[in-house]
Amino acid sequence: MSAALLLRSTLPAAMRSTLHGPAVPRMRLYPSSRAFSFNMFDLLPGLESLRKRRSKNLEDAVGRGAVGKSTEHPTLVTKGGRTDRQTAKGAQSDRQTAKGAQSDRQTAKGAQSDKRAPLMQEVYRYQRSAGLGGPVRTGAQQGPDLTLRCTELDKHGNITVRAGEFQKSELCAQHGLQARDLRKIDSKFVNQMPAILVRRHAILVNLLHIRALIEADRIVLFDSIGAHSQGNLVYELQERLRSNSRAGPAELAQPFEFRALEAVLISVVGSLQSDEEVLVNLVQNLLAYLEESVDRAKLRELLQYSKRLSRFEQKVLNIRDAIEEVLEQDEDLAAMYLTQKLHGSARARDDHEDVELMMETYLKQVEEIVNHIESVSSHVRTTEDVVNIILDSQRNSLLLLEIRLTILTVALSSGTFLTGLFGMNLVNTLESHPTAFLFVSSIALFCIMALTVAGLRSMRKVLRRIN
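First residue of the sequence shown? That's 598 in my numbering, and the numbers climb one at a time after it.
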């Protein structure tokens, strides 16, 4: 035992590190990082190998110390301290130990790959609960931004999927879409322009509250997570699709995608007409009141309704532009015959009369709404102009009153000037005269009346020139 202690105390530092093994780095957590500074689970097999090698090296060193000689190191203890050869041997032993640990770690890495994932999830979850960052996104936490909620109806109007959540990648693969196509029907992007996009096997519709994907045998209605259910729209589509299914042979000739698209357009136009009716009635009642009397509170309401009319008009114009854009593209109109493409027959580029007539019908209805809104907006602007004229007239009346008061003030000041002269502390002989007061007062009144008449005549001349 004493020989082993003596040997350990006289060994070079490099060889002592071989006996004790390399220092294991302390595990550190970084608050702003999502992981550790190293993967500690990859080091577990390497640490076990280092422990075995350290025990073996210690036994060999103690055995060599007991014999009193070493074939590999002739001189272990010297007067001057370490020798260069001992230092080099210690460094070489450290490198060999590190290489062995690395080899064992690579060997065990494949065996522990299945166990490492759940362990790392637990470590990250603990790190997150401790407030050190690194959130773990598992299950439902894997981003609502990556999922879409939708309701699917078949060609008979039956609901096959109700408020189901799907990954965007799954939807793209299932319907043959690109990721950029889903952006148009994702309701989380609220500031999007209305559009009707035609793809190879689907029609994407983004109009008002409707975001739909129409295929040859089904329609998918999209909604954002947490939003109110589109129950009314689903019920309306069910009724229209079922009624079309019960129609006669001539009406059944219309393919499903056109019936679904027509149901969507009917819902959009109906919503626009309903909003138009409510808004126009409110505006017309307000305009009728303003024709009788001008009220500040009513003028403020007129301003708010004018803004609402402008926003509604812009919304209707955007929908009209979306429909017109599709009608201007013959390729898109021909590609909207999804049922024929499903059966393997292609449509000619200029053979799209049915869908063109259908969309032109609803385009005319949208244009009627636009014209009506423009007419009401023109009426509002006319009323605003009339109100401004009335207010200008009242303002002019106030200015005339102010001018009259100014003329009267100047005339009175001339009379008070005369009486003020006698109010000064000057001695005169008129104080005791019996008729002096009447004489001075008559002169003052004459000056006041003369100046008043002259001022009013001048004002009338100016008004005649203006008129």
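Yeah, the Cβ is synthetic: ideal placement off N, Cα and C, and Gly gets one too. Fair warning: this is a prediction, and the values are worked out from it, not measured in the lab.
Identify the continuous beta strand (DSSP E) that holds Gly1020 and give its terminal residues.
On the sequence shown, residue 1020 is found 423 positions in, with the first residue counted as 1. Membership of Gly1020 in any beta strand (DSSP E) is not indicated, and neither H nor E is assigned to it by DSSP.
Pairs of beta-carbons, one from the region 853-869 and one from the region 808-823, closer than 8 Å: are there three or more?
The region 853-869 makes contact with the region 808-823; the number of CB pairs closer than 8 Å reaches 3 or more.
Straight-line Cα distance separating Asp751 from Gly761:
Your numbering for residue 761 matches position 164 in the sequence shown. Your numbering for residue 751 matches position 154 in the sequence shown. So the alpha carbons of these two residues sit roughly 15 Å apart.
Does the beta-carbon distance from Ile782 to Met933 come in below 8 Å?
Position 185 of the sequence shown, counted from the start, is the residue given in the question as residue 782. Position 336 of the sequence shown, counted from the start, is the residue given in the question as residue 933. No.
On the criterion of 16 or more Cβ atoms from any shown chain inside 10 Å, does Pro1031 qualify as buried, or is it exposed?
Working through the sequence shown from its first residue, we reach residue 1031 at position 434. Residue burial is scored here from C-beta neighbours: Pro1031 has fewer than 16 other C-beta atoms within 10 angstroms and is therefore classed as exposed.
Residue burial classification, Asp989 (beta-carbon count within 10 angstroms, cutoff 16):
The count along the sequence shown starts at 1 and reaches residue 989 at position 392. By the 16-neighbour rule on beta-carbons within 10 angstroms, Asp989 is exposed.
Quick one: measure Cβ to Cβ for Phe819 and Leu745, integer angstroms, because I've assumed they're closer than 8 Å.
Here residue 819 corresponds to residue number 222 of the sequence shown, with the count starting at 1. Here residue 745 corresponds to residue number 148 of the sequence shown, with the count starting at 1. So it is a contact: roughly 6 Å between Cβ atoms.
Just to confirm before moving on: does the CB-CB distance between Ala931 and Arg917 stay below 8 Å?
Counted from its first residue, the sequence shown places residue 931 at position 334. Counted from its first residue, the sequence shown places residue 917 at position 320. In this structure, Arg917 does not lie closer than 8 Å to Ala931 by Cβ.
Contacts around Val952, its chain only, beta-carbon distance under 7 Å, and the 5 residues preceding and following it disregarded:
Locating residue 952 in the sequence shown gives position 355, counting from the first residue. Hits under 7 Å: Phe855, Leu930 and Met933.
Give the straight-line distance between the Cα atoms of Ala1051 and Ile970, rounded to the nearest whole angstrom.
Here the question's residue 1051 lines up with position 454 in the sequence shown. Here the question's residue 970 lines up with position 373 in the sequence shown. Rounded to whole angstroms, the gap between the alpha carbons of Ala1051 and Ile970 is 55 Å.
By the 10 Å Cβ neighbour count, where 16 or more other Cβ atoms means buried, how is Gly665 classified, buried or exposed?
Numbered from its first residue, the sequence shown carries residue 665 at position 68. At Gly665 the pLDDT is 44, less than 50, meaning the model places this residue with poor confidence and gives no usable figure here.
Could you spell out where the beta strand (DSSP E) holding Thr748 opens and where it closes?
Within the sequence shown, numbered from 1, the residue matching residue 748 stands at position 151. Counting along the chain, the beta strand (DSSP E) containing Thr748 begins and ends at Thr744 to Asp751.
What runs of the beta strand (DSSP E), each 3 residues or longer, lie entirely inside the region 768-805?
792-795 and 800-804, all fully within the region 768-805.
Local Cβ density within 10 Å of Tyr902, reported as buried at 16 or more and exposed below that:
In the sequence shown, residue 902 corresponds to position 305, counting from 1. When all chains shown are included, Tyr902 counts as buried.
Between which residues of its own chain and Phe786 is the CB-CB distance below 7 Å, once the five residues before and five after are set aside?
Position 189 of the sequence shown holds residue 786. Contacts found: Arg780.
Where does Glu812 sit, in a helix, a strand or coil, going by DSSP?
For the purposes of this step, residue 812 is identified with residue 215 of the sequence shown, where counting begins at 1. Three-state DSSP puts Glu812 in coil, outside helix and strand.
If you draw a straight line from the C-alpha of Val865 to the C-alpha of Glu836, how long is it?
If you number the sequence shown from 1, residue 865 lands on position 268. If you number the sequence shown from 1, residue 836 lands on position 239. Rounded to the nearest whole angstrom, the C-alpha separation of Val865 and Glu836 is 16 Å.
First through last residue of the alpha helix (DSSP H) which encompasses Gly867
Start at 1 with the first residue of the sequence shown, and residue 867 comes out as number 270. Annotation: the continuous alpha helix (DSSP H) that includes Gly867 extends over Phe853 to Glu889.
Note down, in chain order, each residue of its chain lying with its Cβ closer than 6 Å to the Cβ of Leu960, except the 5 sequence neighbours on either side.
In the sequence shown, residue 960 corresponds to position 363, counting from 1. Closer than 6 Å at the Cβ level, and outside the excluded window around Leu960, lie Ile920.
Determine the extent of the beta strand (DSSP E) in which Thr936 is found, giving its start and end residues.
Translated into the one-based positions of the sequence shown, residue 936 becomes position 339. Judged by DSSP secondary structure, Thr936 falls outside any beta strand (DSSP E) and instead within the alpha helix (DSSP H) spanning Leu935 to Leu939.
For Asn993, count neighbouring Cβ atoms within 10 angstroms of its own Cβ and tell me buried if that reaches 16, exposed if not.
Translated into positions along the sequence shown, residue 993 becomes position 396. By the Cβ-count criterion, Asn993 is exposed, with fewer than 16 other Cβ atoms from all chains shown falling within 10 Å of its own Cβ.
Less than 8 Å between the CB atoms is what I'm expecting for Asp778 and Leu794, so what's the real figure, rounded?
Locating residue 778 in the sequence shown gives position 181, counting from the first residue. Locating residue 794 in the sequence shown gives position 197, counting from the first residue. Correct: roughly 7 Å between the Cβ atoms.
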